Amino acid sequence: MLKKPATLTNSELIDMWLHGKSKNTVDGYRRYAERFSRHIEYKPLSNETLLQIALDRIARVVPERFF
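Using the working numbering, you'd call the opening residue of the sequence shown number 3 and step up by one each time.
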């Protein structure tokens with residue numbers, strides 16, 4: 003019988019993403035991950051698509067007048 007796969011928490015996903023990176027990289031990326039988590043209202047990151055993440059990144063870089 004197949005069991006439902008375990009779902010990782012946002013914290014676990016972020017820790018895996020940051021594993022092995024330098025301290026400065028971890029600090030910066032963790033701050034970005036926290037801002038993104040607030041932006042998606044702390045929903046599970048596993049629910050987000052690559053497109054949603056990319057659009058969020060673009061929205062932070064491109065001035066609002068282009069939207």
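In this text, a Cβ means the ideal position worked out from N, Cα and C, and glycines have one as well.
In this text the structure is predicted, and so the values were computed from the model without any measurement.
By the Cβ neighbour-count rule, L53 is exposed, with fewer than 16 other Cβ atoms within 10 Å of its own. F38 and G22 have their C-alpha atoms roughly 21 Å apart. Taking a C-beta distance under 8 Å as the contact criterion, N12 and L57 do not qualify as a contact pair.
The three-state secondary structure of G22, taken from DSSP, is coil. Pairing R33 with L20 gives a Cβ-Cβ distance that is not under 8 Å.
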